[in-house]
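Participant:
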Amino acid sequence: MRQSHTILTIQTPGAGLHDFTARVVDWCAGQDVTDGLLTLFCRHTSASLLIQENAAPAARRDVERYFARIAPESRDYEHDDEGADDMPAHLRTALTSVQLSVPIIGGSLALGTWQGIYLFEHRRRPHRREIVLHLIGE
Amino acid sequence: MRQSHTILTIQTPGAGLHDFTARVVDWCAGQDVTDGLLTLFCRHTSASLLIQENAAPAARRDVERYFARIAPESRDYEHDDEGADDMPAHLRTALTSVQLSVPIIGGSLALGTWQGIYLFEHRRRPHRREIVLHLIGE
Amino acid sequence: MRQSHTILTIQTPGAGLHDFTARVVDWCAGQDVTDGLLTLFCRHTSASLLIQENAAPAARRDVERYFARIAPESRDYEHDDEGADDMPAHLRTALTSVQLSVPIIGGSLALGTWQGIYLFEHRRRPHRREIVLHLIGE
Numbered sequence: 000m001r002q003s004h005t006i007l008t009i010q011t012p013g014a015g016l017h018d019f020t021a022r023v024v025d026w027c028a029g030q031d032v033t034d035g036l037l038t039l040f041c042r043h044t045s046a047s048l049l050i051q052e053n054a055a056p057a058a059r060r061d062v063e064r065y066f067a068r069i070a071p072e073s074r075d076y077e078h079d080d081e082g083a084d085d086m087p088a089h090l091r092t093a094l095t096s097v098q099l100s101v102p103i104i105g106g107s108l109a110l111g112t113w114q115g116i117y118l119f120e121h122r123r124r125p126h127r128r129e130i131v132l133h134l135i136g137e
Numbered sequence: 000m001r002q003s004h005t006i007l008t009i010q011t012p013g014a015g016l017h018d019f020t021a022r023v024v025d026w027c028a029g030q031d032v033t034d035g036l037l038t039l040f041c042r043h044t045s046a047s048l049l050i051q052e053n054a055a056p057a058a059r060r061d062v063e064r065y066f067a068r069i070a071p072e073s074r075d076y077e078h079d080d081e082g083a084d085d086m087p088a089h090l091r092t093a094l095t096s097v098q099l100s101v102p103i104i105g106g107s108l109a110l111g112t113w114q115g116i117y118l119f120e121h122r123r124r125p126h127r128r129e130i131v132l133h134l135i136g137e
Numbered sequence: 000m001r002q003s004h005t006i007l008t009i010q011t012p013g014a015g016l017h018d019f020t021a022r023v024v025d026w027c028a029g030q031d032v033t034d035g036l037l038t039l040f041c042r043h044t045s046a047s048l049l050i051q052e053n054a055a056p057a058a059r060r061d062v063e064r065y066f067a068r069i070a071p072e073s074r075d076y077e078h079d080d081e082g083a084d085d086m087p088a089h090l091r092t093a094l095t096s097v098q099l100s101v102p103i104i105g106g107s108l109a110l111g112t113w114q115g116i117y118l119f120e121h122r123r124r125p126h127r128r129e130i131v132l133h134l135i136g137e
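Protein chains in written order, with numbering that gives the first Met the number 0: chain A, 0 to 137; chain B, 0 to 137; chain C, 0 to 137.
In structure tokens:
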């Protein structure tokens, strides 16, 4: 049994779902682990991780619009030092998650056919985000 | 230290919370691991995993009604190829989670007294769902 | 590779976000693990775990008010045996999470600069909560 880790840096162009499944798969492929557990951890409080439908762009746009609606920009937040999109970003992060673990079986991530791994950027402006990948297995 | 894995197939009768704690406990019991970490991973984007109250059926019905209310069926979604219950299913999955890890201590899952492990089916019709179980420990 | 575990008991004064990052860091420091994976598991259905902004108390108050608003106390729940704050507590737990895994790299939790680990108490009265910590690494 052994482990390895890395930090992926993702430059987001602005709010929305950004598919980075291929980068995760590529890194895992280089670790020579047949069976194990991959953990992804997003080091931010205004961006999160989400597994979503990887085929229909319309579904992702609906997800983005939904979170914009249930955790909207508003003048009613007490915390607004960093702009109107800051507090909704914390709320959307809380409603989703900053951590995700995916088993590896037979050399592949055990994702379902329609599952992609997305970074969900919640701020309007471009950001540089860090995702820690930790792999344990053999 | 060693690991093992399996895939549980669960036939859901339709939307709602389905308790499968017993199947998880049974599989773990056969792995001869005293201390470790169990990870459950749902390979779908329209069904999710949830730990919920295992004693009061009324509490589970309230949970089901709540998610039906905050992520309702609607004509306003752009993505509707697979029916009116498809996009709400993706949203309810995003609001809960497809992954869950539970420590194993002294041969037992470290669940609290009132915690059960549920598959939360979000589609109206019966579906065959796959849950990957990954166990590492000794 | 080896593992260790403990159970942290946290006495909550009532509803709200309670930072216990320091207790987690302290326990990990005593385990002599340089690289690994820490998993936190909350053994309750009316309290949850949340990583949130650790600098601005106003942001935490906004988070508390937000969850009180989207999963409010109400007479419309079927389950109300344990009081008006019970069913909203289950819903707020479902919207957040009872489990969280954080990689350990170079002897430190891989948290971002602004991330703190919070117990999110959803009941009004003080409660004694148990959080299982499981660490695997070397």
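The beta-carbon is built from N, C-alpha and C at its ideal position, and this holds for glycine as well.
1. Could you check where the beta strand (DSSP E) with A109 of chain B kicks off and where it finishes?
2. Answer yes or no: does any C-beta atom of chain A fall closer than 8 Å to that of Q10 of chain B?
3. Going along the chain, which residues of its own chain have a beta-carbon closer than 7 Å to the beta-carbon of V101 of chain C, five neighbours each way excluded?
4. For R91 of chain B versus H43 of chain B, is the C-beta spacing smaller than 8 Å?
5. From P71 of chain C to A83 of chain C, what distance separates their C-alpha atoms?
6. Could you pull the DSSP bridge partners for D34 of chain C from this structure?
7. Taking 8 Å as the CB-CB limit, is V97 of chain A close to chain C?
8. Select from C:W26, C:E63, C:I130 and C:I104 the residue whose C-alpha is nearest the C-alpha of F40 of chain A.
9. Does any residue of chain A have a CB that is nearer than 8 Å to the CB of R91 of chain C?
10. Only counting the same chain, and skipping five residues up and downstream in sequence, which positions put a Cβ closer than 6 Å to that of P12 of chain B?
11. Quick one: any contact between the stretch 58-75 of chain A and the stretch 58-67 of chain B, if contact means 3 or more CB pairs under 8 Å?
12. Determine the DSSP secondary structure at E137 of chain C, reduced to helix, strand or coil.
13. Taking just the CA atoms, how far does L99 of chain A sit from A21 of chain A?
14. Along chain A, which residues have their Cβ under 7 Å away from the Cβ of P102 of chain C?
15. Establish whether the CB of E63 of chain C and some CB of chain B are separated by less than 8 Å.
16. Since H78 of chain C and A67 of chain B are thought to touch, with beta carbons under 8 Å apart, how far apart are those beta carbons, to the nearest angstrom?
17. At which residues does the alpha helix (DSSP H) containing D25 of chain A begin and terminate?
18. Span of the alpha helix (DSSP H) holding H89 of chain C?
19. Tell whether a beta-carbon distance below 8 Å holds between R127 of chain B and L118 of chain B.
20. Look at G35 of chain B and I135 of chain B and say whether their C-beta atoms are less than 8 Å apart.
Facilitator: From the atom records:
1. Segment: none, A109 of chain B is in no beta strand (DSSP E) and carries neither H nor E.
2. no
3. L37, L108, A109 and L110
4. no
5. 9 Å
6. Bridge partners of D34 of chain C: none, in fact.
7. yes
8. C:I104
9. no
10. P125
11. no
12. coil
13. 16 Å
14. H4, T38, F40, V131 and H133
15. no
16. At roughly 16 Å, the Cβ-Cβ gap does not stay under 8 Å, so H78 of chain C and A67 of chain B are not in contact.
17. T20 to A28
18. D85 to L94
19. no
20. yes
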